[in-house]
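Residue numbers (our numbering), protein chains in the order written: chain A, 1 to 115; chain B, 116 to 227. Structure first, commentary second.
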Amino acid sequence: DAGITQSPRHKVTETGTPVTLRCHQTENHRYMYWYRQDPGHGLRLIHYSYGVKDTDKGEVSDGYSVSRSKTEDFLLTLESATSSQTSVYFCAISDMRYENTGELFFGEGSRLTVL
Amino acid sequence: GEDVEQSLFLSVREGDSSVINCTYTDSSSTYLYWYKQEPGAGLQLLTYIFSNMDMKQDQRLTVLLNKKDKHLSLRIADTQTGDSAIYFCAEIKDTGRRALTFGSGTRLQVQP
């Protein structure tokens with residue numbers, strides 16, 4: 001258990017509204033990631049963070065922003081949600097104990113529906 | 116995830132062996148992974164293989180790596196109904212950001 005908590009786990013919102021998803025970890029991991037999962041696409045990287053206030057874009061970052069003001073929290077924000085952002089969002093961390101193998105540990109996911 | 120390719124669906128009978136295949140893109144990938152996702156849950160690492168290995172066995176799981184063809188496979192022996200899940204292969208393409216690139220996933224259905 002890598003101590004990852006995502007909130008909310010489920011959210012339904014309307015097009016054009018802002019949405020923030022939170023990923024919280026309890027074990028001081030440096031690297032954190034946001035992925036989205038869609039049928040036929042597997043998981044695609046949205047943004048990642050390699051430390052407090054250090055973030056960078058992944059392959060599908062358009063329409064998303066992130067913030068990491070403290071080690072334990074990595075926030076994903078949709079400034080103006082669109083129906084194409086309906087998805088399941090997963091937070092992941094890279095555990096420094098497994099640094100050499102690069103494996104990621106995942107949260108339980110946040111299901112977002114944009115109507 | 117399209118750079119890493121997997122077939123979408125596999126159906127087997129309980130007790131048979133399952134073989135899930137994957138082709139990846141980056142010959143410089145140092146590690147390749149197999150993750151399992153059960154319904155409504157996150158992904159859990161099943162096993163990984165280092166790129167200088169051809170095979171890795173872990174109880175009922177056997178991973179085969181063909182670097183020449185960039186082909187990775189996962190064999191599950193004596194498949195059980197509890198093995199029904201989606202299986203993702205993944206590679207590290209950018210060791211700087213330590214982010215994994217995933218395939219689209221193979222849904223394994225085990226029939227009793």
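Note that beta-carbon positions come from the ideal geometry of N, C-alpha and C, so glycine has one too. Keep in mind that this is a model prediction, so the values were computed, not measured.
Handout entry: Partners in chain A for Arg213/B, counting only beta-carbon separations shorter than 7 Å
Key = For this step, residue 213/B is matched to residue 98 along the second sequence. The answer, in chain order, is Tyr31, Ser94 and Gly102.
Exercise for the section: Spatial neighbours of Ser199/B within its chain, please: CB distance less than 7 Å, with the 5 preceding and 5 following residues excluded, ordered by chain position. Expected result: Here residue 199/B refers to the residue found at position 84 when the second sequence is read from its first residue. Correct list, in chain order: Leu223, Gln224 and Val225.
Practice task
Identify, in the order they occur along the chain, each residue of the same chain with its Cβ nearer than 7 Å to the Cβ of His29/A, setting aside the five sequence neighbours on each side.
Solution key: Indexing the first sequence from 1 puts residue 29/A at position 29. Cβ within range, chain order: Ile93, Ser94, Asp95 and Met96.
Exercise for the section: Please state whether DSSP places Asp173/B in a helix, a strand or coil. Expected result: Translated into the one-based positions of the second sequence, residue 173/B becomes position 58. Looking at Asp173/B - three-state DSSP - the assignment turns out to be strand.
Exercise for the section: Count the other C-beta atoms from every protein chain shown that fall within 10 angstroms of the C-beta of Ser83/A, then say buried if there are 16 or more, exposed otherwise. Expected result: For the purposes of this step, residue 83/A is taken as the residue at position 83 of the first sequence. Its Cβ having fewer than 16 others within 10 Å, Ser83/A is exposed.
Problem - Counted within 10 angstroms of its Cβ, other Cβ atoms place Val52/A as buried (16 or more) or exposed - result: Position 52 of the first sequence, counting from 1, holds the residue named residue 52/A. By the 10 Å Cβ count, Val52/A comes out exposed.
Handout entry: Identified DSSP bridge partners for Thr55/A
Key = Within the first sequence, the letter at position 55 stands for residue 55/A. In the DSSP output, where bridge partners are listed per residue, Thr55/A has Ser49/A.
Exercise for the section: Quick one: which residues of the segment 144–162 of chain B get their C-beta closer than 9 Å to a C-beta of chain A? List them in chain order. Expected result: Thr145, Tyr146, Tyr148, Tyr150, Gln152, Gly155, Ala156, Gly157, Leu158, Gln159 and Leu160
Handout entry: Host beta strand (DSSP E) of His24/A (start-end)
Key = Translated into the one-based positions of the first sequence, residue 24/A becomes position 24. Element bounds for His24/A: Val19 to Gln25.
Handout entry: Inter-residue spacing [alpha-carbon to alpha-carbon] between Lys208/B and Gly109/A
Key = Residue mapping note: residue 208/B aligns to position 93 of the second sequence, counting from 1. Residue mapping note: residue 109/A aligns to position 109 of the first sequence, counting from 1. About 23 Å.
Practice task
Kindly say whether Phe90/A, judged by its beta-carbon, lies nearer than 8 Å to any beta-carbon of chain B.
Solution key: Sequence index remark: in the first sequence, residue 90/A carries index 90 (1-based). Chain B contact via Cβ: present.
Practice task
Go through the segment 122–156 of chain B residue by residue and report every complete run of the beta strand (DSSP E) that reaches 3 residues or more, in order.
Solution key: 124–128, 133–138 and 146–152
Problem - Close-in-space but distant-in-sequence residues of the same chain around Val88/A (CB under 6 Å, 5 per side omitted) - result: Taking the first residue of the first sequence as 1, we reach residue 88/A at position 88. The answer, listed in chain order, is Gln37, Gly109 and Arg111.
Practice task
Report the residue from Val19/A, Ser7/A, His24/A and Ile46/A whose alpha carbon sits nearest the alpha carbon of Thr71/A.
Solution key: Here the question's residue 71/A lines up with position 71 in the first sequence. Considering only alpha carbons, the answer is His24/A.
Exercise for the section: Just grab the DSSP bridge partners of Gly42/A for me. Expected result: By one-based count along the first sequence, residue 42/A stands at place 42. Paired residues: Asp38/A.
Handout entry: Proximal chain B residues relative to Gly42/A, where beta-carbon distance stays under 7 Å
Key = Numbered from its first residue, the first sequence carries residue 42/A at position 42. Per Cβ cutoff of 7 Å: Gly116, Phe203, Phe217, Gly218, Ser219 and Gly220.
Problem - Limits of the beta strand (DSSP E) - the one that Gln226/B falls within - result: Along the second sequence, one-based indexing puts residue 226/B at 111. Per DSSP, Gln226/B belongs to the beta strand (DSSP E) from Thr221 to Gln226.
Exercise for the section: Using 10 angstroms around the beta-carbon of Thr216/B, count the other beta-carbons present and answer buried if the total reaches 16, otherwise exposed. Expected result: Here the question's residue 216/B lines up with position 101 in the second sequence. Classification for Thr216/B: buried.
Exercise for the section: Count the other CB atoms, across all protein chains shown, that sit within 10 Å of the CB of Gly116/B; report buried if there are 16 or more and exposed otherwise. Expected result: Indexing the second sequence from 1 puts residue 116/B at position 1. Low per-residue confidence applies at Gly116/B: pLDDT is 43, beneath 50, and the placement is therefore not dependable, though the value from the model is reported in the following sentence. Label assigned to Gly116/B: buried.
Problem - Ser219/B, buried or exposed, once every other Cβ within 10 Å from all chains shown has been counted against 16 - result: Position 104 of the second sequence holds residue 219/B. Buried: at least 16 other Cβ atoms inside 10 Å.
Handout entry: Cβ-based neighbour list, Asp184/B, same chain, cut-off 7 Å, excluding 5 preceding and 5 following
Key = Position 69 of the second sequence, counted from the first residue, corresponds to residue 184/B. Closer than 7 Å at Cβ, skipping near neighbours: no residue.
Problem - Cross-chain neighbours of Ile207/B in chain A, by beta carbon under 8 Å - result: What you label residue 207/B is simply residue 92 of the second sequence in a count that begins at 1. Correct list: Gly102.
Practice task
Identify the contact partners of Tyr64/A in chain B, using a Cβ-Cβ distance below 7 Å as the criterion.
Solution key: For the purposes of this step, residue 64/A is taken as the residue at position 64 of the first sequence. Within 7 Å Cβ-Cβ: nothing; Tyr64/A doesn't reach chain B, min ~15 Å.
Handout entry: C-alpha distance - Lys11/A paired with Phe106/A, whole-angstrom precision
Key = Taking the first residue of the first sequence as position 1, residue 11/A is located at position 11. Taking the first residue of the first sequence as position 1, residue 106/A is located at position 106. Between Lys11/A and Phe106/A, the C-alpha separation is close to 19 Å.
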